[in-house]
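One point on numbering: in the numbering used here, the residue at position 12 of the sequence shown is 32, and numbering is uninterrupted.
We treat Cβ as the ideally placed atom computed from N, Cα and C, and that holds for glycine.
Predicted, not measured: the structure shown is a model, and the values here were computed from it.
Step one of this worksheet: look at the structure below.
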Amino acid sequence: MLTDLENALDSFIDVYHKYSLRQGNYHAIYIDDLKQLLETECPQYMKKKDANTWFKELDINSDGAINFQEFLMFVIKLGVAAHEDIHKV
Numbered sequence: 021m022l023t024d025l026e027n028a029l030d031s032f033i034d035v036y037h038k039y040s041l042r043q044g045n046y047h048a049i050y051i052d053d054l055k056q057l058l059e060t061e062c063p064q065y066m067k068k069k070d071a072n073t074w075f076k077e078l079d080i081n082s083d084g085a086i087n088f089q090e091f092l093m094f095v096i097k098l099g100v101a102a103h104e105d106i107h108k109v
């Protein structure tokens, strides 16, 4: 049986591949994929940054795609924002 953290990690991987496979590249999320991901998976954060802003911030190696490591940076940033939102007074 997986722990909560292991389940969360599996979920991150599943979400990544759900959008990376849209254009047939198992290792890349492109701008259109990211727009769909943001609209579907985390619409409340679309209000704070649009997909183009996120994409420019996340595509660290400037190859025109978000790889899994770059995606994890996105997850970290979303996690920090969600944590801050939970603790707002």
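task: Measure from the alpha carbon of residue 40 to the alpha carbon of each residue in 49, 33 and 34, then state which is nearest.
output: Position 20 of the sequence shown, counted from the first residue, corresponds to residue 40. Check the Cα spacing between residue 40 and each of 49, 33 and 34: the tightest is with 49.
message: Tell me the DSSP secondary structure of residue 96 in three-state form.
response: The residue labelled residue 96 in the question sits at position 76 within the sequence shown. Helix, per DSSP.
- request: Look at the alpha carbon of residue 59 and the alpha carbon of residue 66, and state the distance between them as a whole number of angstroms.
  value: One-based indexing of the sequence shown puts residue 59 at position 39. One-based indexing of the sequence shown puts residue 66 at position 46. Roughly 7 Å between the two C-alpha positions.
query: Of the choices 53, 22 and 100, whose alpha-carbon is the least far from that of residue 43?
result: As a position in the sequence shown, residue 43 is number 23, starting the count at 1. Considering only alpha carbons, the answer is 53.
field: Three-way DSSP call (helix, strand, coil) for residue 49 in this model
entry: Your numbering for residue 49 matches position 29 in the sequence shown. Three-state DSSP puts residue 49 in a strand.
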